[in-house]
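Residue numbers (the numbering used here), protein chains in the order written: chain F, 25 to 221; chain A, 25 to 221; chain R, 25 to 221; chain G, 25 to 221. In this text, a Cβ means the ideal position worked out from N, Cα and C, and glycines have one as well. As the structure is a prediction and not an experimental result, all values here were calculated from the model. Step one of this worksheet: look at the structure below.
Number of protein chains: 4
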Amino acid sequence: MSPLTEEQLHQIRDERKEQIMAAAAKVFARRGISGAKMSMIAAEAGISHGLLYHYFTSKDELFTAIVRDAMESSFQAVGSVYEFPGSPIEKMRLLTQIILDAENIPYFMLIHALHTADDVPAEAKKLDEQYPMQGYVDLLLPLFGEGQQAGEIVAGDPQELLGDYFSVLSGLMVINAQPETGYRMPDVDVILRMIKA
Amino acid sequence: MSPLTEEQLHQIRDERKEQIMAAAAKVFARRGISGAKMSMIAAEAGISHGLLYHYFTSKDELFTAIVRDAMESSFQAVGSVYEFPGSPIEKMRLLTQIILDAENIPYFMLIHALHTADDVPAEAKKLDEQYPMQGYVDLLLPLFGEGQQAGEIVAGDPQELLGDYFSVLSGLMVINAQPETGYRMPDVDVILRMIKA
Amino acid sequence: MSPLTEEQLHQIRDERKEQIMAAAAKVFARRGISGAKMSMIAAEAGISHGLLYHYFTSKDELFTAIVRDAMESSFQAVGSVYEFPGSPIEKMRLLTQIILDAENIPYFMLIHALHTADDVPAEAKKLDEQYPMQGYVDLLLPLFGEGQQAGEIVAGDPQELLGDYFSVLSGLMVINAQPETGYRMPDVDVILRMIKA
Amino acid sequence: MSPLTEEQLHQIRDERKEQIMAAAAKVFARRGISGAKMSMIAAEAGISHGLLYHYFTSKDELFTAIVRDAMESSFQAVGSVYEFPGSPIEKMRLLTQIILDAENIPYFMLIHALHTADDVPAEAKKLDEQYPMQGYVDLLLPLFGEGQQAGEIVAGDPQELLGDYFSVLSGLMVINAQPETGYRMPDVDVILRMIKA
DNA sequence: TATGAATGAGGTTTCATTCAT
DNA sequence: AATGAATGAAACCTCATTCAT
């Protein structure tokens, strides 16, 4: 009966959702929650603002969906460090290099926005508690300890060192979210010196 | 009951302005430009929102005034590094420690907000060009070179290294602007490892 | 598998229209004109909202069609009172009983909505002038006069009494349109006392 | 310090609130909840729509405030019946006459709107449960029983009769909310016949 | 005929700014 | 100088209507 098959419609919906979320991630990252206007997101996605509401009930829901996406996939990405080749410090080096990629900036910005705004949707706050930075630290603790025992990584409380390391990375991503601001994105090896023995 | 002299009035006015700017810096830092509402600033300053407009023509002017203040005083603070005691690396250590003080966070946040928002007043943008990060780097280049020659500071392009260093510091300040976000503010010595020989 | 004849198609179309109008009447009655959303009507009719527009050009046209239907059939129903058995007051009793049936509520609600809203389509307003309450009164005047002469019906201006009577019935139907509101639908005989000698 | 005394401001606020509520009652009564636009209410009150939000947080809150007002004062009005002069049926007659006053129409309409709309604020729904029609019936039961014993009021279950009576009155008020609709507002004595012995 | 994606006018709400007192 | 009432531009969101398939 339907002129488009169920499957075709499903595909259209999924593609549109992706398209909107990609556009929204950009805008949220660049402007923060209240600075991101629905009209900007619509324009960035090349659709009418009305259609946004066909796919996401509200700005809040849209923001939350993007954050969920960002957190889940970043968590996975960090977890894959154990499949990297090389010694612990070499694994850390690779992971750092991957993280610093400009394309990850929106993810860091979103999490930053999450902490910055105070009108964050409750749902998004839950996600923040579910995937805290501590999670990344825990994930890497074994690797880090191994590196310390091997004498490749500097001595000290691994929890704190890893926390410091992620904080530095997060900060760099956040301030480099805008182009042309005069900030620099340091070379991997410069940052790595913080934890290298 | 003689009326206040012109000068006394002027001084009262200036004190009020300081009070408002301090309150506004806090709010701008915590919420960003569009997230900071004039009513919040008024509440934080303990005055009515109407009174804000007796001291600052607009939100834009208020923001710009704060940014100017932040830039000028931070520039001065960094410049005073040459009066610090100790060897170059010790001077850098002291400067870093001073910078990382939580009370400086608003300054970094303001500059970050300046880069983040796109509805930044033109006046504020001019300030950004007038006091770019490069200025801080230039200020410290002689000290840094001295340290490298003394073998205290790691070899490499001093321009880039200093740029990296300031970027890391800026990033850390920005992400630690909100309390309770799980980020860490690393110990001075951890950061210092990035440039220490 | 011979294709449907023109006539059969027409009939199917008409049945669909009836189905939609019945659904719409329910929704309009319960929510009023602006409270009734096209999507609700479509859902109630079990079709997509897009299909509504194959049968009715607009919400206004749909509303008008329902009102026309309601007015025409109710006029006919009241007119049939003369074929009822019994004396004038008994005829009035039967008519009242028929009117008070819950299934007639949508008709009264529609006419009420017509008077309530101010964004009523011009076409519908014309209908309201074409079938005013006065029409019902005129229809019943002879019967009423007969009842008065027979001493069954209370004395007084029959125009006014009949007007009062219909107003009371209308009011009762309208406030009982929603279930569970605490209002009562009085017994026929209680209402009849208003006009019984 | 304040250029207007606390008291003056309070008075302005109260007057404005009254003015807005009166205007809103009119508009809500005429158009229902979703049909009443905030801009209409503002226009009716002769103020800007922005100012509405200075006094009432939302359309819902405004509606609820009016309903509360309506319910409380109508409850009081009905309760005062016992202070009326005359026999029970005469008291009922006076009460009826007071109720039927055109100025009370908004009150009935609001309660009707409350039952009609389905997007009624939760707060308003609570009020509806707190002041149900049964409350009015209970209030009048003693008087009604007295009238029945005195042979002035028709025999029958007083609960049901009073319920019927209020339903008829409510219905009449609701359908006569709009001017020029062809409905009639019956004379007190016509309605009274429903309960008079 | 039938569907649901897509649009945009219009309604609700927020908030920077003005102004009477 | 100080307050808070008042305004209106602009943001968010809803929903009647259109249109590709």
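- Listed in chain order, the positions of the stretch 79-102 of chain R with a beta carbon within less than 8 Å of a beta carbon of chain G would be empty, since no residue qualifies.
- Taken in chain order, the whole alpha helix (DSSP H) runs of length 4 or more contained in the stretch 94-176 of chain R are 112-123, 129-140, 146-154 and 157-173.
- Neighbours of residue 131/G in chain R, taken as residues at a C-beta separation under 9 Å, are lacking, since the least C-beta distance is about 14 Å.
- With a beta-carbon spacing of about 12 Å, residue 73/G and residue 82/G fall beyond the 8 Å limit used to define contacts.
- As DSSP reads the structure, residue 220/A sits in a beta bridge with 177/A.
- When the five nearest sequence neighbours on each side are left out, the beta carbons in the same chain lying within less than 8 Å of the beta carbon of residue 159/A are those of 99, in order along the chain.
- Contact check for residue 170/A against residue 112/A passes: the beta carbons are separated by less than 7 Å.
- By the C-beta criterion, the stretch 184-194 of chain A is judged to be in contact with the stretch 206-216 of chain F, since at least 3 inter-stretch pairs fall below 8 Å.
- With contacts defined as CB atoms closer than 7 Å, residue 195/R and residue 195/G qualify as a contacting pair.
- Here the stretch 143-150 of chain F makes no contact with the stretch 197-213 of chain F; the two share fewer than three CB pairs at distances below 8 Å.
- The three-state reading of DSSP puts residue 182/G in helix, counting H, G and I together.
- In terms of Cβ geometry, residue 66/F and residue 130/F do not form a close pair [threshold 7 Å].
- By alpha-carbon distance to residue 36/R, the top candidate from 49/R, 58/R and 79/R is 79/R.
- Within chain G, no C-beta atom comes nearer than 8 Å to that of residue 31/R; the closest sits roughly 40 Å away.
- Boundaries cannot be given for residue 201/G, as no alpha helix (DSSP H) includes it and DSSP labels it neither H nor E.
- Membership of residue 57/G in the alpha helix (DSSP H) is indicated by the continuous run 30-59.
- In its chain, beyond the 5 residues on either side, 105 have a beta carbon closer than 6 Å to the beta carbon of residue 119/F.
- Residues of chain R with a Cβ closer than 7 Å to the Cβ of residue 198/G are, in chain order, 195, 198 and 199.
- Within 10 angstroms of the beta-carbon of residue 97/A lie fewer than 16 other beta-carbons, which makes it exposed.
- Comparing C-alpha distances from residue 207/F to each of 89/A, 125/A and 136/A shows the shortest one belongs to 136/A.
- A straight line joining the alpha-carbon of residue 116/F with that of residue 167/F spans about 9 Å.
- Taking all protein chains in view, the Cβ of residue 56/A is crowded by 16 or more other Cβ atoms within 10 Å, so the residue is classified as buried.
- It is roughly 49 Å from the alpha-carbon of residue 68/G to the alpha-carbon of residue 30/A.
- For a Cβ distance threshold of 8 Å, residue set 139 and 140 of chain F lies close to residue 202/A, ordered along the chain.
- At least one CB atom of chain R sits nearer than 7 Å to the CB of residue 156/G.
- Here residue 90/F is not near residue 157/F, since their CB atoms are 7 Å or more apart.
- For residue 171/G, no chain R residue has a Cβ inside 9 Å of its Cβ, as the nearest lies near 15 Å away.
- Between residue 40/G and residue 220/G, the alpha-carbon positions lie close to 44 Å from each other.
- For the set 38/R, 84/R, 77/R and 42/R, the Cα lying nearest the Cα of residue 60/R is the one of 84/R.
- DSSP places residue 209/R outside both helix and strand once states are collapsed to three, so it counts as coil.
- Taking the CA atoms as reference points, residue 165/R sits about 7 Å from residue 183/R.
- With respect to residue 134/G, residue 101/G sits apart: the two C-beta atoms are not nearer than 7 Å.
- Here the C-alpha atom of residue 86/G lies approximately 24 Å from the C-alpha atom of residue 200/G.
- Counting C-beta atoms within 10 angstroms of its own C-beta, residue 32/F has fewer than 16 neighbours from the protein chains shown and is therefore classed as exposed.
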